[in-house]
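There are 4 protein chains.
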Amino acid sequence: MKKHYDVIIVGGGVIGSSIAFYLSKRNYHVLVVEKEALAQKASRAAAGMLGAQNEIGENSPLLPFALKSRAMFPALAEELQFLSNINIELIQSGIIKVAQSEEEAAHLRAIASFQERLGEKAEWLTTMQVKEREPELSEVVQGGLYLPNDGQVSAPLLSKALAQSAAALGADFLEYTEVQELIQENNRISGVRTGTDIHLADHVVIAGGAWSKQILERTGISLETYPVKGECFSVNTHKRIITSSIFSSGGYIVPKSGGRLIIGATEKPDTFDESVQLDGLYSLMTQAVNIIPALKNAKWEKAWAGIRPQTGDGLPYLGEHPHVAGLFVATGHYRNGILLAPVTGLLMADMIDGKAGDHPFSINRIPYMKEANI
Amino acid sequence: MKKHYDVIIVGGGVIGSSIAFYLSKRNYHVLVVEKEALAQKASRAAAGMLGAQNEIGENSPLLPFALKSRAMFPALAEELQFLSNINIELIQSGIIKVAQSEEEAAHLRAIASFQERLGEKAEWLTTMQVKEREPELSEVVQGGLYLPNDGQVSAPLLSKALAQSAAALGADFLEYTEVQELIQENNRISGVRTGTDIHLADHVVIAGGAWSKQILERTGISLETYPVKGECFSVNTHKRIITSSIFSSGGYIVPKSGGRLIIGATEKPDTFDESVQLDGLYSLMTQAVNIIPALKNAKWEKAWAGIRPQTGDGLPYLGEHPHVAGLFVATGHYRNGILLAPVTGLLMADMIDGKAGDHPFSINRIPYMKEANI
Amino acid sequence: MKKHYDVIIVGGGVIGSSIAFYLSKRNYHVLVVEKEALAQKASRAAAGMLGAQNEIGENSPLLPFALKSRAMFPALAEELQFLSNINIELIQSGIIKVAQSEEEAAHLRAIASFQERLGEKAEWLTTMQVKEREPELSEVVQGGLYLPNDGQVSAPLLSKALAQSAAALGADFLEYTEVQELIQENNRISGVRTGTDIHLADHVVIAGGAWSKQILERTGISLETYPVKGECFSVNTHKRIITSSIFSSGGYIVPKSGGRLIIGATEKPDTFDESVQLDGLYSLMTQAVNIIPALKNAKWEKAWAGIRPQTGDGLPYLGEHPHVAGLFVATGHYRNGILLAPVTGLLMADMIDGKAGDHPFSINRIPYMKEANI
Amino acid sequence: MKKHYDVIIVGGGVIGSSIAFYLSKRNYHVLVVEKEALAQKASRAAAGMLGAQNEIGENSPLLPFALKSRAMFPALAEELQFLSNINIELIQSGIIKVAQSEEEAAHLRAIASFQERLGEKAEWLTTMQVKEREPELSEVVQGGLYLPNDGQVSAPLLSKALAQSAAALGADFLEYTEVQELIQENNRISGVRTGTDIHLADHVVIAGGAWSKQILERTGISLETYPVKGECFSVNTHKRIITSSIFSSGGYIVPKSGGRLIIGATEKPDTFDESVQLDGLYSLMTQAVNIIPALKNAKWEKAWAGIRPQTGDGLPYLGEHPHVAGLFVATGHYRNGILLAPVTGLLMADMIDGKAGDHPFSINRIPYMKEANI
């Protein structure tokens, strides 16, 4: 006789594992079904920036959501360390968004003003002040916006720590298991079929990243999401050459533990191809070396790519299916899956608990909800 | 306006690529759609033995099919070298199936007699003769069946060479593209949908290995196939320690190019999990060291696993769908996908050409054809 | 004009880097010369156990030295995190030395008594108590000695953190640079030659692990040290299966961050060959699966080997050269290089400071000092 | 009692292994001593071009030597296949040396004339002819010198095949064994010391690549050689985009088996550092994409570096030591070690046989021979 779960989560990346973690903390009995191995794909490929202020525009409804998520990291890091024995390498040494033209500088100064009015720390640094803080930046940098509270974690370690902590709290995980069918009865979800096995549950959450869309098509909805490949590479330097993450219009340079730096990321839409192409590497290198010439002597480590789920309006889809009770969706985090993982896990747990208030990420928002073409 | 293909092949492993190759030789315009990268999974994991006589029982309808395929390799190797610049490392130095008990010896002697009657070379070697031929075999070996015409190739190179040769002849390939839907009109296949793209074709061949079953379920048939994990490892020795591949009841030891040896393979049914487990390695090592003690000093290289498609009656499914005209299936090759790739490619091309005669691998054979449970 | 260093350290492993770190803290100007890359070889291969009580016999002069080193880790971990941004993954969850026979049990109970008299925590656990603490241990375990204060770190991260922290404090590092000659004037060291470059210094420390002996031979002494290969492998489990490190007469099983376990290590003397051989893996697996049967299902990760410097009497050589003033040696740590790195760094800094008291690791102890055969 | 060898070869790269192979064919009893693993370093890093006409200037005494070596490859490939079961992937599809300016074009046309006078095939291709032959070359290419008889092999496979073939013929190999001392008696070599072991031989050949110089310094000679790092990377394309190797003033692009391309190589003198730096990759990419724009879409594979031995006058050192009878040297092949391996092996075997005639590579040529500084 099969176990009956409270919640089945389809997808074992950082979003699925975070949902599993927050549900497990509330004693929900959870099963995570992952078609390959846990904590792979975009969850492992990410540079791990927590750019709540850096990434998200001032008018976006995502901003308060992202700020809340960023604030959750310090306590979460300790909790995950305790439960999973994994240090997620939370570093809170800020992001500097550099300007390379007077236009960019003006734009960033405006953001600084706005964010200060909002009560968030944001400081405009003159060219000289930038150089004092980060002496290795080149003369192409014409000032920068310093966001001291934006930080970073190790994306692969966060993903793994969430999964292992959920497991420590009782969640079950099935790897290398593909969901073939979402089982419904009278417009209510009742479980999933994986090959010849049926797994029953009161709720099912689709947290399959860029692969969520195809899982949902069979249920009569076609979310407006599409995959965007991001290519990255990493190098090592013997001495640390930057302290904060450096963000420019052409990409970012993130200093990781022990002299390692991640340089990313390209944005190539509409492909699931995880290979790294030469043009992507070349454009990343051009920009990185332009901003930090000392990178020329850095030692090559490796290159990789991840496929991130973008949406039509740039907001994630977080909510219950309009036609199938008990079926939830959590995808569309694009470049902010690591940053938003904690608050997404919490919100989805609240939804399943029936405690979630209004929010702007509902999946039946107009016009991004439409009938699937099948 | 989308191209209209003659044939779309779903799956870019050794079987799909071989079908693409033989169709391209006949000027069919072919598209291969592969959900990840080409030439991976079981096609890459295989040890590459061409065990037509070794693997296949005397009463099996697979035996003449396998013998025919084995005979195709020498000419195919030259053709692939020419087209793709890849040497598939065809080695025709035989397989010795060793006995470890009097019962096994009696059984193998009977096979030798049968195969000789059949006109195939097969020689019973006494313990002393075995030792003369392969001095490193230990005293647990009590004679063996020598099959001089069974050989081996590099499985990853064969898979890659078939794909690249098909490409050189004009076949198109889409990697990292998953088929979401088989499109039918009036019980006739008309193409496939991959995400938001539609690809049209007169014929579609499902050659997805162990993943074929789930692609087909939507068409109303449920093939009786199941995945079987096989774990392997490889070592290196400075000097060659065996000349022929050694096959025992507990696994095989295959001497590859340049002192490398592949030891395989376990058989773990009903899982798509591609990780290697300690119990699998341990049992392979126990058997290998028992038969060739000198392996103790061999240098560890790496371990891996592949997921092979087994069927209810042990025969592959090769044929047209009973309800959907133009839709073909080629799967279920289990441990013999490398050996059978050439003849399978040829047979499928013949079927699409309308030239194939009767054969025992039709997919509507009783009782392995049943209605899908959806 | 070349810089004149206070100290040149030959060898950039965990010992050389620790010495560089402690000297840099005292404002010595240090150059580390490493013939390959930093933090490799035995320093990277180690499982990272801090087995002060576990590894070292009761009568050994090494015991108080090791206890002191173990006690340095908590403060050191914080200091390295601050300077290098590297978390060395210090875990203080104890070692259990399991008995597999009544003889072993009696022996371990005697050690428990001795260590308690010494004031060190050491607790004899009955079979039932062992199983309560570590339920996955099998019935071959007949009680065990629990050493709650023995812990572990990540060996590669400790090695890297020491090097990077020394660099942050001003130490220079030359990688891929082999010392060809130790330069002396009037029986006093004055520097080293590396290819065509001369580097001058008041003191030189040979911290080349198993390779120290050959560097020293040209100076007229032949230390009685020899290389001992240790082979290891690692696996992953989804849930943690043990909490403490498990030590048996046949090897150890160390639970690392996030469900990873390191199983080690063989002892193969008199070889610098860093390859892993099948017999080594096989014996490690046999023992590990015997003690923790659940390891059978663990996922294979990888195998590796390190070459450790053992000495004639099992004690390290730490001290000044008998004939060449200013030339120091720090090698011979065998299986305890990670544990002893902090105290070794401190002692060598004290020696160079002229503050070190008497200790039993002098390199001119009888009879292990002899004339080199050149 | 130790074996007494005819010849000990110090270095197990492509040169050392070739010498071992040619000596073993003449029934010399040979021992190869390699300080790490066989067939590594520059021998594995090379792109494998056989650029006898491409690399070597018209007045160089190296030219006839290189032409002779190139001519040895077809028969050698078959011999190595037979002895070692390794296909060295000899491809004889020519090199095109492209011009990017009128000056370069004029220079290359002059070379074409010279080589034709010499009797070697060399054809000047106009811009249009180049594009016909290699349609993917960009408009920066202004004609090119086509050398149809220059080819390529797999450098790692050639190195391995030579070693394994020598082993098959009876040569012994010691890996991970460093020669500490060259043993002489009365100005005649008698063997080598490796740690505590003595290996005796009538002849010793130093074939240690860029590391040869330091081995020889103890014998009173200081060869004028220095290490030059070369960085490379490789990519994959699904279809073959070039047929010949493309050589430009900024590097080369070599099409290997199965759609793989190697792009190389930088030239960074005076370092043994085998890491790849960002500036090296960046300059290689710039040049490669400039010449073949389609490379932008190629898939990244990996990057690596090798340390090659260059000499003061650009000629290798091949000959007997001026002061120590029986001690030979074979190094300084710089970028042509793969090409020159066969003829070097043959010449060194002839020298040891006492059959070698005059040649311009003697190690006591003026002024590159000087007294060692020790």
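Residue numbers (this note's numbering), protein chains in the order written: chain A, 1339 to 1712; chain B, 1339 to 1712; chain C, 1339 to 1712; chain D, 1339 to 1712.
By construction, the Cβ of each residue, glycine as well, lies at the ideal position given by its N, Cα and C atoms.
- By alpha-carbon distance to K1577(B), the top candidate from A1679(D), P1698(D) and F1511(D) is F1511(D).
- The continuous beta strand (DSSP E) containing T1649(C) extends over residues K1637 to T1649.
- Secondary structure at A1539(D): strand, using DSSP grouped into helix, strand and coil.
- One Cα belongs to I1601(A), the other to W1638(A), and the distance between them is close to 11 Å.
- Checking the DSSP bridge columns, you'll see K1341(C) has no partner listed.
- Contacts with chain A at 7 Å (Cβ-Cβ) include K1577(C).
- Short of 6 Å from the beta carbon of F1610(C), and not among the five residues preceding or following it, lie these beta carbons of its own chain, in chain order: P1565 and I1645.
- Each residue's CA atom was taken as its position, placing I1394(D) and W1549(D) some 24 Å apart.
- By the neighbour-count definition (other C-beta atoms within 10 Å, threshold 16), D1488(D) is a buried residue.
- Contact residues of the region 1592 to 1625 of chain D toward chain C are D1608, T1609, F1610, D1611, E1612 and S1613 (C-beta to C-beta distance below 9 Å).
- Spanning the alpha carbons of A1501(B) and A1493(B) requires a straight line of approximately 13 Å.
- Look at the beta carbons and you see the region 1673 to 1685 of chain A touching the region 1399 to 1418 of chain A: at least three pairs across the two are nearer than 8 Å.
- Within chain C, the residues L1616, D1617 and Y1620 have their CB atoms less than 8 Å from the CB of V1627(B), given in chain order.
- Within chain A, the residues S1595 and G1596 have their CB atoms less than 7 Å from the CB of I1424(C), given in chain order.
- With respect to chain C, the C-beta atom of A1505(A) has a partner C-beta closer than 7 Å.
- Q1502(B) belongs to the set of residues whose beta carbon lies under 7 Å from a beta carbon in chain D.
- In the structure shown, Y1514(C) adopts coil according to DSSP, grouped into three states.
- Membership of F1585(B) in the beta strand (DSSP E) is indicated by the continuous run S1583 to S1586.
- Contact annotation for V1573(A) against chain D: Q1615 and L1616 [CB-CB distance below 9 Å, chain order].
- A straight line joining the alpha-carbon of K1551(D) with that of T1515(C) spans about 14 Å.
- Contact between G1546(B) and Y1484(B) does not hold, since their C-beta atoms are separated by about 37 Å, which reaches or exceeds 8 Å.
- When DSSP states are grouped into helix, strand and coil, E1562(A) belongs to the coil group.
- Under the Cβ criterion of 7 Å, K1406(D) is not counted among the residues facing chain B.
- Between V1479(A) and V1436(A), the C-beta gap is smaller than 7 Å, which places the two residues in contact.
- DSSP places E1555(A) within a helical segment (H, G or I) once states are collapsed to three.
- In this structure, the straight-line span from the alpha carbon of A1632(D) to that of E1474(D) is close to 7 Å.
- If you check the CB distance, S1381(B) and I1629(B) do not come in under 7 Å.
- With respect to chain D, the C-beta atom of Y1514(C) has a partner C-beta closer than 7 Å.
- For K1498(A), a Cβ of chain C is located within less than 7 Å of the residue's own Cβ.
- Residues of chain B whose Cβ lies closer than 8 Å to the Cβ of F1511(D) are, in chain order, H1576.
- For T1465(D), the secondary structure class from DSSP, reduced to helix, strand or coil, is helix.
- At a Cβ-Cβ threshold of 7 Å, T1604(B) and G1568(B) count as neighbours.
- Between the region 1685 to 1699 of chain D and the region 1649 to 1656 of chain D there are three or more C-beta pairs closer than 8 Å, enough to call the two in contact.
- Proximity to D1608(A) across N1574(A), Q1648(A) and E1417(A) peaks at Q1648(A), based on C-alpha coordinates.
- Contact between the region 1610 to 1619 of chain D and the region 1448 to 1455 of chain D is absent, with fewer than three C-beta pairs closer than 8 Å.
- Among the residues of chain B, those whose CB is under 8 Å from the CB of E1427(D) are N1425, following chain order.
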